[in-house]
Amino acid sequence: MRTVTPSLLAALAFLAVGGSAAVEASAAPPAVTAAPSTASAHGPFAPPSDADLGSTLSLTGIRSGERLDVTALKVVDPAANANAYFGPDPGNRFVAVQFRLENTGDGPYKDSPANGAELVDTDGQRFSASWVAETTAGPSFPGSVSISPGDTALGYVTFELPRTAQPEKVQFTMDSGFSDDVGEWDVTTTR
Numbered sequence: 001m002r003t004v005t006p007s008l009l010a011a012l013a014f015l016a017v018g019g020s021a022a023v024e025a026s027a028a029p030p031a032v033t034a035a036p037s038t039a040s041a042h043g044p045f046a047p048p049s050d051a052d053l054g055s056t057l058s059l060t061g062i063r064s065g066e067r068l069d070v071t072a073l074k075v076v077d078p079a080a081n082a083n084a085y086f087g088p089d090p091g092n093r094f095v096a097v098q099f100r101l102e103n104t105g106d107g108p109y110k111d112s113p114a115n116g117a118e119l120v121d122t123d124g125q126r127f128s129a130s131w132v133a134e135t136t137a138g139p140s141f142p143g144s145v146s147i148s149p150g151d152t153a154l155g156y157v158t159f160e161l162p163r164t165a166q167p168e169k170v171q172f173t174m175d176s177g178f179s180d181d182v183g184e185w186d187v188t189t190t191r
């Protein structure tokens, strides 16, 4: 494990608040969407909406009127490191997943997309997004985004996995992972 200095933490906090990286925002054409998931009869959590890579899922947030059409577009495995100072730990690699988020809700959607993304391997082990990963796959989401109704944001979320781990699915949950509606895409077809 690496030691983190206070100046590094300050730099990461600056980046998390939007100090770097661009997000593409544009009006997008209508997407073909999968049916939204419904809450389980056994509790408030909805089972994940399941789809293939490239499919669009309609997800709801925790606030009234929050809706996104989310598409997991592609997986770059391995994703080449683009940072001379921070790379994956020895024995690990970066895997980058590109998401498109279209706000189909009633108001602006403000969130940190990487907080709501997880990569799951074939053993069921879950990986959260890496805070310091920079790859050549393409532009990452900044620390936070604000997407107006009808607008779209496009960006990569990068994960650090052991070299031997085989990605099986990627999940996205609105509101930094606190919504009950989980989108899930099978990424095994990318191998």
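Per UniProt numbering, the sequence shown starts with residue 1, numbered consecutively.
Beta carbons are placed, not taken as given, at the ideal position from N, Cα and C, and that holds for glycine.
*Could you give the distance in angstroms between the alpha-carbon of G183 and the alpha-carbon of N83?*
30 Å
_Chain-order list of residues whose beta-carbon lies under 8 Å from that of D175 (same chain, five-residue window excluded)_ = G61, I62, R63, E66, D111, G116
*Report the three-state DSSP secondary structure of T173 (helix, strand or coil).*
strand
*Per-residue DSSP class, three states only, for T104*: coil
*Endpoints, beta strand (DSSP E) assigned at Y85*: No beta strand (DSSP E) contains Y85, which DSSP labels as neither H nor E.
*Go to V187, then tell me how far its beta strand (DSSP E) extends in each direction, as first and last residue.*
Per DSSP, V187 belongs to no beta strand (DSSP E) and is neither H nor E.
*Sub-7 Å separation of A79 and F94 beta-carbons*: yes
*asked:* Looking at the strands, I want to know which residues DSSP matches up with T158.
replied: A96
_Looking at the strands, I want to know which residues DSSP matches up with S146._
K110
*Roughly how many angstroms lie between the CA atoms of Y109 and D180, to the nearest whole one?*
A direct Cα-Cα distance of roughly 16 Å separates Y109 from D180.
*Rounded to whole angstroms, what's the CA-CA distance from L154 to A165? Just pull it up for me.*
26 Å
_Alpha-carbon to alpha-carbon, S148 and T189_ = In this model, T189 and S148 are separated by some 33 Å (Cα to Cα).
*What whole-angstrom Cβ distance do P167 and V76 have, given they're in contact under 8 Å?*
11 Å between Cβ atoms; not a contact.
*Taking the alpha carbon of P139 as the point to measure from, which residue in L53, L57, V97, P90 has its own alpha carbon closest?*
V97
*With DSSP as the reference, please indicate the residues paired to V120 in a beta bridge.*
R126, K169
*Below 7 Å CB to CB, which residues in the same chain sit around R163 once its five sequence neighbours on both sides are set aside?*
G91, N92, R93
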